[in-house]
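As structure tokens, the structure follows; a few thoughts come after it.
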Amino acid sequence: MVSDDIFLQNKIKSKSDIFKNLFSATGKNFLHLYLNCNVNIDIIVLDLDILENFNIFTILNMKPKQQFLFLAKDRKVYQSLLRKFSGGASAVLFKPVKFSAILDNIELLVLQDKINTIKLNSYIQVDILKEQIYENDTQLFLTSKMHKLIIMLASNLGKLTTFEMIDEVVYDSESSSRVVMQNLVGNLKRKLNLNIKNVHSKGYILYTS
Numbered sequence: 001m002v003s004d005d006i007f008l009q010n011k012i013k014s015k016s017d018i019f020k021n022l023f024s025a026t027g028k029n030f031l032h033l034y035l036n037c038n039v040n041i042d043i044i045v046l047d048l049d050i051l052e053n054f055n056i057f058t059i060l061n062m063k064p065k066q067q068f069l070f071l072a073k074d075r076k077v078y079q080s081l082l083r084k085f086s087g088g089a090s091a092v093l094f095k096p097v098k099f100s101a102i103l104d105n106i107e108l109l110v111l112q113d114k115i116n117t118i119k120l121n122s123y124i125q126v127d128i129l130k131e132q133i134y135e136n137d138t139q140l141f142l143t144s145k146m147h148k149l150i151i152m153l154a155s156n157l158g159k160l161t162t163f164e165m166i167d168e169v170v171y172d173s174e175s176s177s178r179v180v181m182q183n184l185v186g187n188l189k190r191k192l193n194l195n196i197k198n199v200h201s202k203g204y205i206l207y208t209s
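The following block contains the structure:
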């Protein structure tokens with residue numbers, strides 16, 4: 001929670017028991033807190049009235065998909081930011097705003113993030129909806145066939161992805177040999193350290209690890 005509003009700070013602190021971790025800061029000290037905090041901060045509730053003292057793009061350079069819940073009094077300030085903003089799934093509430101609305105929107109952002117993003121291991125995540133792969137929050141670009149393969153495996157997490165499915169989606173039904181498919185799967189598995197299990201004569205299953 002980043003705000004110079006003492007009342008709002010105290011209000012959110014009074015609900016600290018509903019959060020796993022809660023950090024509260026002013027515009028002046030938040031960036032230092034963020035840079036030196038070893039906890040992965042899911043959502044930043046940012047009061048845009050302090051934007052002049054706060055460099056949001058320093059955070060986006062570190063974590064391009066950082067989620068924000070913006071609190072704004074002036075639509076022009078928010079619209080000016082939005083033109084340059086390219087972070088993760090975020091929302092805006094225009095003041096005055098009920099505190100319950102802040103909590104409701106935090107919950108929605110957390111749920112949205114969980115639904116769209118699958119964490120495959122300690123550093124690889126896949127956004128199924130946007131079909132994007134991230135390594136330590138930095139977007140990762142693979143070859144076209146590797147990209148199609150990991151999106152399909154992740155979409156089918158814990159379930160069998162057959163050789164026929166791989167041929168149809170990854171190779172556009174070109175009837176590629178299973179040796180070619182096996183090489184592609186093996187290269188992807190080694191490159192990203194993925195937990196992919198071979199199901200004899202049928203296909204592959206991707207698990208989280």
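Taking UniProt numbering, I'd label the letters of the sequence shown as residues 1 to 209. The beta-carbon is built from N, C-alpha and C at its ideal position, and this holds for glycine as well.
- Only buried fits K65, as 16 or more other CB atoms lie within 10 angstroms of its CB.
- Per DSSP, the beta bridge partners of T161 are Y204.
- In the three-state scheme derived from DSSP, where H, G and I count as helix and E and B as strand, L71 is classed as strand.
- Membership of V126 in the beta strand (DSSP E) is indicated by the continuous run I124 to D127.
- Note: L140 is bridge-paired with I133 in the DSSP secondary-structure output.
- For the pair of segments examined, the region 185-195 was found to touch the region 116-123: the number of CB pairs separated by less than 8 Å reaches three.
- Note that the C-beta distance between T161 and M152 is below 8 Å.
- No Cβ-Cβ contact shorter than 8 Å links L108 with N116.
- One alpha carbon belongs to H200, the other to F30, and they sit about 53 Å apart.
- Cβ atoms of V45 and V2 come within 8 Å of each other, at about 7 Å.
- A check of alpha carbon separations from L206 across A154, M165, S176 and E168 identifies A154 as the nearest.
- Counting along the chain, N187 sits inside the alpha helix (DSSP H) bounded by residues R178 to L192.
- Annotated as distal: L69 and I18, with beta-carbon spacing of 8 Å or more.
- The residues Q67, F68, L69, I106, L109 and V110, in chain order, have a CB closer than 8 Å to that of I43 in the same chain once the five nearest residues on each side in sequence are set aside.
- Distance check between I59 and each of L71, N36 and S80 places N36 closest, using alpha-carbon atoms only.
- In the DSSP secondary-structure assignment, V92 is bridged to F70.
- Residue range N195 to V199 is occupied by the beta strand (DSSP E) that includes I196.
- T117 is bridged by DSSP to D127.
- In the structure shown, V110 falls within a helical segment according to DSSP collapsed to helix, strand and coil.
- Of T143, Q125, N183 and K76, the smallest CA-CA separation from E135 is found for Q125.
- Within the same chain, and ignoring the five residues on either side of K189 in sequence, the residues whose Cβ sits closer than 6 Å to its Cβ are I196.
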